[in-house]
Amino acid sequence: MKKFIYLCLVISVGFSFYSCSNKSPKNEEADVDPYYNSSMKRTAEDSATIVQLATQYLDLLKENKLEEAVNMLHDVDSVDVKPLNEERINALMTNLKRFPVLSYTIDELRLFSDDNTELRFTYEFMPKPEGAENFPNTMKGLLGFFRLGETWYITVPEDKVDPEINDMENSKY
13 MKKFIYLCLV
23 ISVGFSFYSC
33 SNKSPKNEEA
43 DVDPYYNSSM
53 KRTAEDSATI
63 VQLATQYLDL
73 LKENKLEEAV
83 NMLHDVDSVD
93 VKPLNEERIN
103 ALMTNLKRFP
113 VLSYTIDELR
123 LFSDDNTELR
133 FTYEFMPKPE
143 GAENFPNTMK
153 GLLGFFRLGE
163 TWYITVPEDK
173 VDPEINDMEN
183 SKY
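Here the sequence shown is numbered in my numbering, starting from 13 and rising by one per residue.
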């Protein structure tokens, strides 16, 4: 009987060692953000410049200086900076008049690359009615930033401003 118990103990210990030694190492590769460009040099100065530009833009909106704010926005490609075309300006002005910025908070700055940097913010577009705690009165916003040379420019991606949505005369709603 002792030999049987001893044999079972040896076999179970042997299986334990065998099962632990055959485990393959876990692949612990970190997830890579596909937008992140590791060759871009990011400095505190870049972050400060972007936040300063965004604050200036949002302050102009808060002061209802819409034309000045829209004039800060650009269309940028890899070699050229252009002012927004008239159609995009009109679409933006319509949106900004419909949803004015009463107050704002900057939520997040994401520096992916020189041509793909985002600043996300939340803004209040109407006062919350008294006693209405759950009444939604804020929206999220996104500004794009593009660096050409050493200068940062504010951009608004074309897909974020749809002129058809802003055509009030032909609206279905």
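All residues carry an ideal CB built from backbone N, CA and C; glycine is no exception.
Can you tell me where the beta strand (DSSP E) with residue i in it begins and where it stops?
i	result
Glu120	115 to 125
Lys94	93 to 95
According to DSSP, which residues form a beta bridge with residue i?
i	result
Asn102	DSSP lists no partner for Asn102.
Gly156	Glu130, Thr167
Met151	Tyr135
Residue i to residue j, Cα distance in whole Å?
i	j	result
Thr117	Phe111	16 Å
Ile166	Lys77	17 Å
Val168	Arg159	14 Å
Glu57	Gly161	14 Å
Lys140	Lys109	18 Å
Thr61	Thr129	12 Å
Glu120	Val63	10 Å
Met138	Pro148	9 Å
Ala144	Leu72	29 Å
Ala66	Phe157	9 Å
Val88	Leu123	17 Å
Asn146	Val93	43 Å
Gln68	Glu142	30 Å
Thr106	Glu79	11 Å
Arg12	Asn102	In the structure displayed, the chain extends from 13 to 185; residue 12 sits before or after that span and is not available.
Asp127	Lys74	27 Å
Val91	Met84	18 Å
Thr150	Ser59	25 Å
Val82	Ser125	24 Å
Please report the residue range of the alpha helix (DSSP H) in which residue i lies.
i	result
Asp87	Where Asp87 is concerned, there is no enclosing alpha helix (DSSP H), although the beta strand (DSSP E) it sits in stretches over 85 to 88.
Ala66	56 to 74
Glu79	78 to 82
Measure how close the beta-carbons of residue i and residue j come, nearest whole angstrom, since I'm counting them as under 8 Å.
i	j	result
Leu114	Glu136	5 Å
His86	Leu96	7 Å
Leu104	Arg132	Incorrect: roughly 18 Å between the Cβ atoms, too far for contact.
Lys152	Thr163	That pair is no contact at about 27 Å.
Within the present structure, is the beta-carbon of residue i separated from the nearest heavy atom of the ligand SAH by less than 7 Å?
i	result
Glu130	Inclusion of the ligand SAH in the displayed structure is not the case, the ligand content being empty and no account of it being possible.
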